[in-house]
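Student:
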Amino acid sequence: MPEPRTNQIVEALEFSRFRFKLIAFLRLPSDIREPAFREVLERTCGGVYPNYLARAERVEKILKSEDTFESEDTLEMNVRVPLSLDHRQGVSPN
59 MPEPRTNQIV
69 EALEFSRFRF
79 KLIAFLRLPS
89 DIREPAFREV
99 LERTCGGVYP
109 NYLARAERVE
119 KILKSEDTFE
129 SEDTLEMNVR
139 VPLSLDHRQG
149 VSPN
């Protein structure tokens, strides 16, 4: 799967900000789960709800492609070996 383009990453970040602004505006807890948030949004902001769903769907596709890209190409780079388990000579902590 291809790597997400810069404009897709920007769209995902802007959506995240949009979501948090809506949560703050509606005075909801910042850790509200997505299903509950969508339910509140549908009941209170009917005009915003379809736009939110469309943007959420696009961002979900972007994030899935990014997760696939990371799992295929960069997983090994994200694994750390605790110093106590690394028995190589001259290894210094990061």
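Numbering (this note's numbering), first residue to last: 59 to 152.
From the three backbone atoms N, C-alpha and C, an ideal C-beta is built for every residue, glycine too.
Keep in mind that this is a model prediction, so the values were computed, not measured.
Which term fits L71, buried or exposed, when burial requires 16 or more other beta carbons within 10 angstroms of its beta carbon?
Tutor: Here residue 71 corresponds to residue number 13 of the sequence shown, with the count starting at 1. Exposed is the call here.
Student: For Y107, which residues from the same chain have a beta carbon less than 7 Å from its beta carbon, with the 5 sequence-adjacent residues on both sides left out?
Tutor: Position 49 of the sequence shown, counted from the first residue, corresponds to residue 107. Same-chain partners within the cutoff: L99, E100.
Student: Hey, R113 and F78 are a contact pair by Cβ (cut 8 Å); roughly how many whole angstroms apart?
Tutor: Taking the sequence shown and counting its residues from 1, one reaches residue 113 at position 55. Taking the sequence shown and counting its residues from 1, one reaches residue 78 at position 20. Incorrect: roughly 13 Å between the Cβ atoms, too far for contact.
Student: Is it buried or exposed, V117, if we count other Cβ atoms within 10 angstroms and call 16 or more buried?
Tutor: The count along the sequence shown starts at 1 and reaches residue 117 at position 59. It is buried - the Cβ of V117 has at least 16 other Cβ atoms within 10 Å.
Student: Going by Cα to Cα distance, which pick from Y110, N65, F83, I120 is closest to P93?
Tutor: Walking along the sequence shown from the start, residue 93 turns up at place 35. It is Y110 whose Cα lies nearest to the Cα of P93.
Student: Could you give the distance in angstroms between the alpha-carbon of V1 and the alpha-carbon of A82?
Tutor: The structure shown does not extend to residue 1, since the chain spans only 59 to 152, so no value can be given for it.
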